[in-house]
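A.B. asks: Here it is: the structure, laid out below.
2 protein chains.
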Amino acid sequence: MPSGPTRYHHGDLAAACVRAALELLEEGATASGFSMRAVARRAGVAPAAPYRHYADREALMTAVATVGYAELAEHLAQANPAPATAEDLADVAVAYVDFAVRRSVLFSVMFGEPCDHDSPERVAATEAVSAYVADIVSRCFPDSDSEALATAIWALVHGLAFLHLDGKLDASSPTAISATVRAAVHAVLDLANSPAALRG
Amino acid sequence: MPSGPTRYHHGDLAAACVRAALELLEEGATASGFSMRAVARRAGVAPAAPYRHYADREALMTAVATVGYAELAEHLAQANPAPATAEDLADVAVAYVDFAVRRSVLFSVMFGEPCDHDSPERVAATEAVSAYVADIVSRCFPDSDSEALATAIWALVHGLAFLHLDGKLDASSPTAISATVRAAVHAVLDLANSPAALRG
DNA sequence: CTCCTATGTAGACAGCGATCACATCCTCTG
DNA sequence: CAGAGGATGTGATCGCTGTCTACATAGGAG
């Protein structure tokens, strides 16, 4: 398939577009800066060609985001394949924020950009992340209101990622990130060990 | 000043641009969709005029975001002027998410968009929000590691806002939002009342 | 072999951010 | 009170973008 120097038909342009988009994102294009035309150029194809596979820019972004969800899941699993303790949970949280910071543009495509909320792959991918977090939480806190706590933990971690991305928290080094995230996660979990601290 | 039908010099175009931008955002423009030129049209001015006051689109967005921070602070204060209990904190959290959902485009301009991280007003505005949250947390949890816990709570609330914005959590009605946010906040705070739930 | 459909091309359009030379007005100095 | 000069708005222009249309080509089904 990579034989002929230039073929009229690309072979698998749909996938090539997603790959090209990911490359451009890694190379420092802004989320709003990466363009349909740049993707076409990178894929070695006419500007209008990607429109045969993606209705518009948003559709392509949704496809890119879907890949991003898979890579995020992989990154988290790699940090700790079977988290079951508070410390494990902190590991996963650090990995989550680390992913957000190191692949910040991809991350903001996944979460910060308007997107096709009805795309089945996208919904499935986000539900997978949701279920993954819920699973961890239910293992760490088997007796609690799992659903609400899972939502809270996901929000906590997600929020930490955004605050780092936005410069509100120091994201200049992995060490700083790790320290901040661990401190925040433990501050919350340690509430379970110092009930007297709660007023009202 | 609003006398003459058309004046060559506007009077206060800088402020008018911010006002026009806010109007456009309220009218449903996308964050990436609202344009410098649209702002100029709305202000009744030539396309290049705003550039006398804002170096580029990002500079104007930063100014808009700064106004947004002030309005967010006002919205939170209105929800509960002097929060000191966990329940008060939940009120503020609901107000935060409510603001994010009801003024979603402004919110994503404030947080979701690349921005001038060095703008003094912007830094001051975000630090004000940060200090506000830290203040609440230190009142609710006087004995805890205030800084880490404040970061965690801010992240929790911020994350809840984003998950609602992104359709990951049901944002279809204020009631649903309130229920989800309160459940999440209480799930975390109730850890202080059920230490046995923590494993590991 | 032929036709149909999927896919890629060429060219066009309007809208965008940004910059330029120029026009106009306000204010400050003499 | 005049007029110089800086601040502010105008209009034209550039290259880029998303998206549409008409056309070209390829590859598979009959």
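Chains as they are written, first to last, in our numbering: chain A, 1 to 200; chain B, 1001 to 1200.
Note that the Cβ used here is the ideal one computed from N, Cα and C, for glycine as well.
Being a predicted model, the structure only gives us computed values, none of them experimental.
1) With a threshold of 8 Å between beta-carbons, can B/A1059 be considered close to chain A, or not?
2) What's the gap between the Cα of B/A1152 and the Cα of A/G159?
3) Express the C-alpha separation of B/D1145 and A/A192 in angstroms, rounding to a whole number.
4) For B/F1111, which residues in chain A fall below 7 Å Cβ to Cβ?
5) Among B/N1080, B/V1064 and B/V1157, which one has its Cα closest to the Cα of B/R1019?
6) For A/E71, which residues in the same chain have their Cβ closer than 6 Å to its Cβ, ignoring the five residues on either side in sequence?
7) I'd like the list of long-range same chain contacts for A/F34, defined as Cβ closer than 7 Å, with 5 residues on each side in sequence excluded.
8) Could you check if A/T66 is buried or exposed, using at least 16 other CB atoms within 10 Å of its CB as the buried criterion?
9) Report the neighbours of B/D1145 on chain A: residues whose CB is nearer than 9 Å to its CB, in chain order.
10) Along chain A, which residues have their Cβ under 8 Å away from the Cβ of B/S1130?
11) Helix, strand or coil for B/R1007, going by three-state DSSP, please let me know.
12) Check the Cβ of B/L1024 against every Cβ in chain A and list those closer than 9 Å, keeping chain order.
13) Are at least three pairs of beta-carbons, each pair with one atom in the stretch 1162-1179 of chain B and one in the stretch 1090-1104 of chain B, less than 8 Å apart?
14) Under DSSP, the alpha helix (DSSP H) around B/G1159 begins and ends at which residues?
15) Which of the three DSSP states is assigned to B/P1120 in this structure?
16) What does A/S32 reach in chain B if we use C-beta pairs closer than 7 Å?
17) Note down, in chain order, each residue of its chain lying with its Cβ closer than 6 Å to the Cβ of A/D12, except the 5 sequence neighbours on either side.
18) Got a sec? Which residues, its chain only, sit under 6 Å from A/A90 by beta carbon, not counting five neighbours each side?
19) Could you tell me which uninterrupted alpha helix (DSSP H) segments, each at least 4 residues in length, are contained entirely in the stretch 58-134 of chain A, listed from first to last along the chain?
20) Can you list, in chain order, the residues of its chain with a C-beta nearer than 7 Å to that of B/A1014? Leave out the 5 residues immediately preceding and following it.
21) Hey, A/V133 and A/A148 are a contact pair by Cβ (cut 8 Å); roughly how many whole angstroms apart?
22) B/Y1054 by DSSP, collapsed to three states: which one?
23) Assign B/P1174 to one of three DSSP states: helix, strand, or coil.
C.D. replies: For this structure:
1) As a first step, residue 1059 of chain B is located in the second sequence; it is residue number 59 there, counting from the start. B/A1059 does not count as touching chain A.
2) Numbered from 1 along the second sequence, position 152 holds the residue referred to as residue 1152 of chain B. Numbered from 1 along the first sequence, position 159 holds the residue referred to as residue 159 of chain A. Between B/A1152 and A/G159, the C-alpha separation is close to 8 Å.
3) Translated into the one-based positions of the first sequence, residue 192 of chain A becomes position 192. Translated into the one-based positions of the second sequence, residue 1145 of chain B becomes position 145. Going by the C-alpha atoms only, they are around 14 Å apart.
4) Counted from its first residue, the second sequence places residue 1111 of chain B at position 111. Correct list: F162 and D166.
5) Residue 1019 of chain B sits at position 19 when you count from the first residue of the second sequence. Considering only alpha carbons, the answer is B/V1064.
6) In the first sequence, residue 71 of chain A corresponds to position 71, counting from 1. Within the same chain, A/E71 has no close Cβ partners at all.
7) Translated into positions along the first sequence, residue 34 of chain A becomes position 34. Same-chain partners within the cutoff: A21, L24 and L25.
8) In the first sequence, the residue the question calls residue 66 of chain A occupies position 66. Answer is buried; the Cβ neighbour count reaches 16.
9) The residue given as residue 1145 of chain B occupies position 145 in the second sequence. Correct list: A183, H186, A187 and D190.
10) Within the second sequence, the letter at position 130 stands for residue 1130 of chain B. Near B/S1130 (Cβ distances below 8 Å), the residues of chain A are K168.
11) By 1-based counting over the second sequence, the position of residue 1007 of chain B is 7. B/R1007: coil per DSSP, three-state reduction.
12) If you number the second sequence from 1, residue 1024 of chain B lands on position 24. Result: empty, since nearest Cβ-Cβ is about 15 Å, beyond 9 Å.
13) yes
14) As a first step, residue 1159 of chain B is located in the second sequence; it is residue number 159 there, counting from the start. Segment S1146 to L1165, the alpha helix (DSSP H) holding B/G1159.
15) Numbered from 1 along the second sequence, position 120 holds the residue referred to as residue 1120 of chain B. Helix.
16) Residue mapping note: residue 32 of chain A aligns to position 32 of the first sequence, counting from 1. Ordered by position in chain B, the residues that pass the 7 Å Cβ test against A/S32 are S1032.
17) Position 12 of the first sequence, counted from the first residue, corresponds to residue 12 of chain A. Cβ within range, chain order: n/a, list empty.
18) Position 90 of the first sequence holds residue 90 of chain A. Counting only Cβ-Cβ distances below 6 Å, and skipping sequence neighbours, we find R182 and V185.
19) 86-102 and 104-111
20) Position 14 of the second sequence, counted from the start, is the residue given in the question as residue 1014 of chain B. For B/A1014, where only same-chain residues beyond five positions count, the Cβ hits under 7 Å are H1053.
21) Translated into the one-based positions of the first sequence, residue 133 of chain A becomes position 133. Translated into the one-based positions of the first sequence, residue 148 of chain A becomes position 148. With a Cβ gap of about 13 Å, A/V133 and A/A148 do not count as contacting.
22) For the purposes of this step, residue 1054 of chain B is taken as the residue at position 54 of the second sequence. Coil at B/Y1054, not helix or strand.
23) The residue you call residue 1174 of chain B lines up with position 174 of the second sequence. Helix at B/P1174.
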